[in-house]
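Asker:
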Amino acid sequence: LGDAYRRGRYGLVKSEKKAAKIYRRAVELGNVDAMIHLGLLYENGSGVKLDKKKAMKLYRAAADRGDAVAQFDLGVLLESEKKFEESIRYYALSADQGDTDAEYCLGLCYRDGRGTEVDLGKARYWFERA
64 LGDAYRRGRY GLVKSEKKAA KIYRRAVELG NVDAMIHLGL LYENGSGVKL DKKKAMKLYR
124 AAADRGDAVA QFDLGVLLES EKKFEESIRY YALSADQGDT DAEYCLGLCY RDGRGTEVDL
184 GKARYWFERA
């Protein structure tokens, strides 16, 4: 239902604010997808007040439950805050599950030495997987 409001589908009027309310309830019930979607709303300030810390907390909760999308999203957010060593860890977790965006970002990290030593062999490996 949150997705339907967020996107304005199934005859519902688009409302990111209503979507956020529904996602919050789903997060309380432990729904991993809702953690990711609500995190995205907080990260972008869509329907809620912009709050990168809340976004990070939600992404981390979903990532720690093994969700590859959340692991990638958390890696991106950490990298944007210059927390390279931690970001590469989450990229690797996501890439190990076959997330091609994470594989590509991991390749960039190894190529550019962000969060790790430059390793062109590993960079090439991850670029080829992506």
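Going by this note's numbering, the sequence shown opens with residue 64, and the numbers climb by one from there.
All C-beta atoms, glycine included, are put in the ideal place defined by N, C-alpha and C.
#1: Are the CB atoms of Ile99 and Ala125 nearer to each other than 9 Å?
#2: Please state whether DSSP places Lys112 in a helix, a strand or coil.
#3: Quick one: which unbroken alpha helix (DSSP H) runs of 4-plus residues sit fully inside the region 122-159? Chain order, please.
#4: Taking the straight line between their C-alpha atoms, what separation do you get for Glu144 and Tyr122?
#5: Going straight from the alpha carbon of Ala165 to that of Tyr105, what length do you get?
#6: For a test of the three-state rule: what should DSSP assign to Val95, helix, strand or coil?
#7: So what's Lys37 in DSSP terms, helix, strand or just coil?
#8: Assign Tyr73 to one of two classes, buried (16 or more other C-beta atoms within 10 Å of its C-beta) or exposed (fewer than that).
#9: Tell me which same chain residues have a C-beta within less than 7 Å of the C-beta of Ile85, skipping the five on either side of it?
#10: Could you check where the alpha helix (DSSP H) with Thr163 kicks off and where it finishes?
#11: Please return the same chain residues whose Cβ sits closer than 6 Å to the Cβ of Arg128, not counting the five positions on each side in sequence.
Answerer: In brief:
#1: yes
#2: coil
#3: 131-143 and 147-158
#4: 15 Å
#5: 21 Å
#6: Taken through DSSP and simplified to helix, strand or coil, Val95 comes out as helix.
#7: The structure shown does not extend to residue 37, since the chain is modelled only from 64 through 193, so no value can be given for it.
#8: The residue is exposed, with fewer than 16 neighbouring Cβ atoms inside 10 Å.
#9: Leu64, Gly65 and Tyr68
#10: Thr163 to Asp175
#11: Excluding positions up to five away in sequence, the list reads Val95.
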